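**Q** Note that numbering that gives the first Met the number 0 gives residue 151 to position 152 of the sequence shown, counting from 1, and the numbers run on in steps of one. All C-beta atoms, glycine included, are put in the ideal place defined by N, C-alpha and C. Computed from a prediction, not measured in an experiment: that's the story for all the values here. Below are the structure tokens for one structure; questions will follow.
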Amino acid sequence: MYKILLLFILLIGISSCQKFESFQENDPSYANEGYFIKTSLSESDLSNFIVEKPIPIDQISDMYVDEKYLYVADYAKGMHIFKNPKDVKPEPLLFINIPALRKFTVKDGFIICDNGNDLISFKISGLNLIGNASQVTEAFAANKANFGLINRKSNLFSFPNYPIERNVYFECPDSVDFVVEWEKKVIDKKLNCYR
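Following this line, the structure appears as structure tokens:
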């Protein structure tokens, strides 16, 4: 009886064994791929706010809708503003180049957003004076009553200078202030930074 019970327990133990994973299957360096800096910004680039005609959206990072406008943050590039947000296809109105933008909010005619490591607020009014995208001119941006930086609080955030992917090797961003775009490439030697 004990021999049968022992044999039964032994069979259950053997059948429950699992294959061990090879560390090479999960090691990104084994795949010979790494991330390299494709586009970066310096600290001085953060103050270049430009109002432009609409451009295509690349990578959405945040959104806000009010009664008249749809605001869309394009990761690390800027903000798109659309008219008629309740329509099926809102009309593109303008693009505001805000380098290193990730998140924002809109309150009483002011846009409050991050700009690299800083928190900024700027005035944006007079959008109702723009009939369509072709009327967006430098005159709108130059008019301080319509558009302008109001306040900047420095070094409140830590900008993520690493790829969004995890368990990857990447080029260390020691020589640049802000990395806004990474490029995946084949590597021949292991990179120093890992996330």
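(1) If the criterion is Cβ atoms closer than 8 angstroms, does the pair K67 and E180 meet it?
(2) Within this structure, are the beta carbons of D117 and N154 separated by less than 8 angstroms?
(3) If contact is defined by three or more beta carbon pairs under 8 angstroms, each pair taking one atom from either stretch, is the region 73-91 in contact with the region 50-64?
(4) What do you get for K82, buried or exposed, if any count of 16 or more other CB atoms within 10 angstroms of its CB means buried?
(5) By DSSP's criteria, R151 is part of a beta bridge. Which residues make up the other side?
(6) How big is the Cα-Cα spacing for P89 and E51?
(7) Taking C-alpha atoms, which residue in L40, I129, K102, I49 lies nearest to Y70?
(8) In this structure, what does DSSP give as the bridge partners for C112?
(9) Is the region 92-109 touching the region 120-127, taking contact as three or more C-beta pairs under 8 angstroms?
**A** Taking the structure as given:
(1) Here residue 67 refers to the residue found at position 68 when the sequence shown is read from its first residue. Here residue 180 refers to the residue found at position 181 when the sequence shown is read from its first residue. Contact flag unset, no.
(2) On the sequence shown, residue 117 is found 118 positions in, with the first residue counted as 1. On the sequence shown, residue 154 is found 155 positions in, with the first residue counted as 1. For D117 and N154, yes; Cβs fall inside 8 angstroms.
(3) yes
(4) As a first step, residue 82 must be located in the sequence shown, where it is residue number 83. Buried, because 16 or more other Cβ atoms sit within 10 Å of the Cβ of K82.
(5) Your numbering for residue 151 matches position 152 in the sequence shown. R151 is bridged by DSSP to I119.
(6) Against the sequence shown, residue 89 aligns to sequence position 90. Against the sequence shown, residue 51 aligns to sequence position 52. The alpha-carbon atoms of P89 and E51 are separated by roughly 18 angstroms.
(7) Position 71 of the sequence shown holds residue 70. It is K102 whose Cα lies nearest to the Cα of Y70.
(8) The count along the sequence shown starts at 1 and reaches residue 112 at position 113. Note: C112 sits in a beta bridge opposite F103, I119.
(9) Using a C-beta cut-off of 8 angstroms, the region 92-109 makes contact with the region 120-127, since at least three inter-stretch Cβ pairs fall below that distance.
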